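Residue numbers (this note's numbering), protein chains in the order written: chain A, 1 to 291; chain B, 292 to 576.
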C-alpha cells in the first residue's frame, strides 16, 4: 500500500500556510492586473529592437513569477523547523507513532513536501497566474504601445523564460537541500525553541573561530552555501561586465545557465550531506516520544 | 497458550534513574492485563517499550518482533490510547478518518463512523473544538474500528467524568474484546478496572511486585479481619501486611490456606485494590 500521498496530504492539512499564502498572492496579482495604473514611457526605438522586446518580455514574465517563488524562502524554512517539532510540543507524536507509518516514511514525506510538492506546485501556480495576468493586461491595453512593448504573446519566448526559471528553481532546491535537511534535524531534535537551536550553533561556531584563530572560514563557507547568484552564473565575469556596461538587467536572465550548476561538485557534495542529515533525522525521530 | 508479549530482563534507565529494573513478564493472547503501580513506578515506560517508542536493554518481544526496530510493522496489529488526549488539535474528524483509513490496513471506516454517529461529534469539527470527553470518544471510535490483536491503554480515562469512564469500559468490553484479542491497561485507579481484568501485574520502583492471574489471586492471597487478640496469634503465620480498621486488624497472607486462617476471624479474598495497597505498603515497610 502506498501511503505517501496521504502523508503529503496530512502535511498540507497541518501547514495550510504553505498553499494558502501562495494562492492569496496569486489572486492578488490577478486582481491587481485588473486595476493597473500603467504610466510607462516606451521609446519607439526600444520597441523597434527585437532584442529589447525579448528583454522586456522576459523581465515582465519573471516579475509575475519570481516574487511568488521568493516567498518560499520564508515559508519553507518556517515549515521545516516546525514539522517535527510541533508533534512533540503537542504530544500528538504518540498518536502518529501508534499508526503503522515508519519514521523514514514520515521524515521523507515532510522533506518531499518542502523540496518538491510545494516548490513545484507554486511554480505551476505561477504559470497560471502569469498567463491570467498577462492575458488580462493584453486585453485591457489592446492597441496601446505596451502591447507592442512586451504584452504581445509569444509562446516560444514564454516557454524559454519559464524553462529558465524552472531550471533555476530546481538547481536552487538541490543547492539548498542540505540546509533543508539541517532544519529538519533541528526540528526533530530541539526540546524547545527550534529557531534558536537552528541559528545559534553556526553563530557560536563563527564567534569561537573569530576569537580563537581570528579567521572567518565558517562564515565564508556559510555565505557560499547561502548565496545562489554564483551558482546560477549571475556573478560570472560576463554577467558582471554586462552589468558594469549598463546593459539592461533583464539580459541577465538570458545569460543564466542553470543546468551548468549540475557540473558543480559542491552541489553534489551538498546532496550527500543532505542524505546524511536526513538519515540522522530519521534516527532521531525513531528515538523521540513525548518526553 | 501463545504469548503476545515476552519480556526478559527488560531494563530502561533515564540517566541514573532505573525506570525499569530487569523486569520479566509474559502476556498471553486473550487476556486483559492490568499493569498497576503508583505514579512513577515504570508503568508508562513499560508500555512505551512495548509500543516501540523508546529503546531499551534486555529482551522484549512483541508478536515475535523487536518493537523498537520494527515499530511500524507491529503497529499494524497494535492500537494505543495514551494517558492524555494526544490527537493533534488542528485535525478534523473526517481527516482523521481519511488518514487512518489510508495508513492502517485493518481499519474499517464504516465501523468508526457507526461509533461516531452515536456521539455528538460532527464530521467537520476540529479536535480543538471538541471537549476532552469527545476527543476520547473520537480516539476510541478510531481505535475500536481497527481489527488489532493487542490494545494498549495508558490511563485511558484520566480526567474524564464518571459517565464517560463507564461508557468507555462498557464499549471496550462489549464491542471490542474477544478471545483473539489482548488488552494491556495501566491505571492507578484500580477499583475502576478491577472487574475487567483477567491478570494483574503490580509494578513498583521499576520492579515487578506481583504477577498473577485473577483466578490464582483467590487461592494465593487471603485477607483476615480479626480482633487484636486473635491477630496476635495469627501473626505467627507471617502476614505480609496489616492495618487497623475500626479497632479491628486486617491482615494479608500469601500462600496460607483459608482453613488455616478461619479460626482467627473473618476471611475473604482481598480485592485487587486492597491487595495493591497491601503489597505496596508491605514492600515499602
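Here a beta-carbon is modelled for each residue, glycine too, at the ideal position from N, C-alpha and C.
These figures come from a predicted structure and were not determined experimentally.
Contact belief for residue i with residue j at Cβ below 8 Å, rounded distance in angstroms
{"i": "residue 445/B", "j": "residue 372/B", "result": "7 Å"}
{"i": "residue 321/B", "j": "residue 423/B", "result": "The pair is not a contact, with the Cβ atoms about 32 Å apart (cut-off 8 Å)."}
{"i": "residue 400/B", "j": "residue 436/B", "result": "7 Å"}
{"i": "residue 101/A", "j": "residue 363/B", "result": "6 Å"}
{"i": "residue 300/B", "j": "residue 349/B", "result": "4 Å"}
{"i": "residue 129/A", "j": "residue 3/A", "result": "About 32 Å separates the two Cβ atoms, so there is no contact after all."}
{"i": "residue 110/A", "j": "residue 184/A", "result": "7 Å"}
{"i": "residue 169/A", "j": "residue 123/A", "result": "6 Å"}
{"i": "residue 276/A", "j": "residue 171/A", "result": "Not confirmed; about 21 Å, so no contact."}
Under 8 Å between C-beta atoms of residue i and residue j
{"i": "residue 65/A", "j": "residue 165/A", "result": "yes"}
{"i": "residue 85/A", "j": "residue 181/A", "result": "no"}
{"i": "residue 540/B", "j": "residue 569/B", "result": "no"}
{"i": "residue 552/B", "j": "residue 513/B", "result": "yes"}
{"i": "residue 338/B", "j": "residue 494/B", "result": "no"}
{"i": "residue 312/B", "j": "residue 497/B", "result": "yes"}
{"i": "residue 114/A", "j": "residue 174/A", "result": "no"}
{"i": "residue 542/B", "j": "residue 525/B", "result": "yes"}
{"i": "residue 573/B", "j": "residue 531/B", "result": "yes"}
{"i": "residue 91/A", "j": "residue 377/B", "result": "yes"}
{"i": "residue 485/B", "j": "residue 564/B", "result": "yes"}
{"i": "residue 202/A", "j": "residue 179/A", "result": "no"}
{"i": "residue 451/B", "j": "residue 477/B", "result": "no"}
{"i": "residue 395/B", "j": "residue 23/A", "result": "no"}
{"i": "residue 323/B", "j": "residue 489/B", "result": "yes"}
{"i": "residue 116/A", "j": "residue 177/A", "result": "no"}
Identity of the residue in the options nearest residue i by Cα
{"i": "residue 96/A", "options": "370/B, 504/B, 317/B, 351/B", "result": "370/B"}
{"i": "residue 262/B", "options": "393/B, 379/B, 387/B, 494/B", "result": "Outside the displayed span of chain B (292 to 576) sits residue 262/B, for which this structure offers no information."}
{"i": "residue 294/B", "options": "465/B, 474/B, 360/B, 547/B", "result": "474/B"}
{"i": "residue 27/A", "options": "139/A, 199/A, 127/A", "result": "127/A"}
{"i": "residue 529/B", "options": "521/B, 516/B, 535/B, 545/B", "result": "545/B"}
{"i": "residue 479/B", "options": "416/B, 560/B, 571/B, 524/B", "result": "571/B"}
{"i": "residue 285/A", "options": "537/B, 550/B, 343/B", "result": "343/B"}
{"i": "residue 483/B", "options": "334/B, 535/B, 543/B, 453/B", "result": "453/B"}
{"i": "residue 440/B", "options": "353/B, 349/B, 543/B, 309/B", "result": "353/B"}
{"i": "residue 162/A", "options": "25/A, 12/A, 61/A", "result": "61/A"}
{"i": "residue 434/B", "options": "304/B, 417/B, 407/B", "result": "407/B"}
{"i": "residue 297/B", "options": "503/B, 303/B, 318/B", "result": "318/B"}
{"i": "residue 31/A", "options": "278/A, 132/A, 63/A", "result": "132/A"}
{"i": "residue 54/A", "options": "191/A, 16/A, 158/A", "result": "158/A"}
Neighbour-count burial assignment, residue i, 16 or more Cβ in a 10 Å radius
{"i": "residue 34/A", "result": "exposed"}
{"i": "residue 491/B", "result": "buried"}
{"i": "residue 246/A", "result": "Its pLDDT being 47, under 50, residue 246/A is placed unreliably in this model, and the coordinates cannot settle the point."}
{"i": "residue 259/A", "result": "exposed"}
{"i": "residue 207/A", "result": "exposed"}
{"i": "residue 229/A", "result": "exposed"}
{"i": "residue 142/A", "result": "exposed"}
{"i": "residue 107/A", "result": "buried"}
{"i": "residue 44/A", "result": "Note on residue 44/A: pLDDT 49, under 50, position unreliable in the model; the coordinate value appears next. Flag for residue 44/A reads exposed."}
{"i": "residue 380/B", "result": "exposed"}
{"i": "residue 51/A", "result": "exposed"}
{"i": "residue 152/A", "result": "exposed"}
{"i": "residue 415/B", "result": "exposed"}
{"i": "residue 79/A", "result": "buried"}
{"i": "residue 186/A", "result": "buried"}
{"i": "residue 200/A", "result": "exposed"}
{"i": "residue 238/A", "result": "Only weak support is given to the placement of residue 238/A: the predicted model assigns it a pLDDT of 49, under 50, and the value that follows is read from those uncertain coordinates. Looking at its Cβ environment, which holds fewer than 16 other Cβ atoms inside 10 Å, residue 238/A is exposed."}
{"i": "residue 360/B", "result": "exposed"}
{"i": "residue 391/B", "result": "buried"}
{"i": "residue 10/A", "result": "buried"}
Backbone secondary structure at residue i - three-state DSSP
{"i": "residue 520/B", "result": "helix"}
{"i": "residue 316/B", "result": "strand"}
{"i": "residue 390/B", "result": "helix"}
{"i": "residue 489/B", "result": "coil"}
{"i": "residue 309/B", "result": "strand"}
{"i": "residue 289/A", "result": "coil"}
{"i": "residue 461/B", "result": "helix"}
{"i": "residue 190/A", "result": "coil"}
{"i": "residue 361/B", "result": "coil"}
{"i": "residue 535/B", "result": "strand"}
{"i": "residue 343/B", "result": "coil"}
{"i": "residue 377/B", "result": "coil"}
{"i": "residue 264/A", "result": "coil"}
{"i": "residue 349/B", "result": "strand"}
{"i": "residue 557/B", "result": "strand"}
{"i": "residue 141/A", "result": "coil"}
{"i": "residue 271/A", "result": "helix"}
{"i": "residue 300/B", "result": "strand"}
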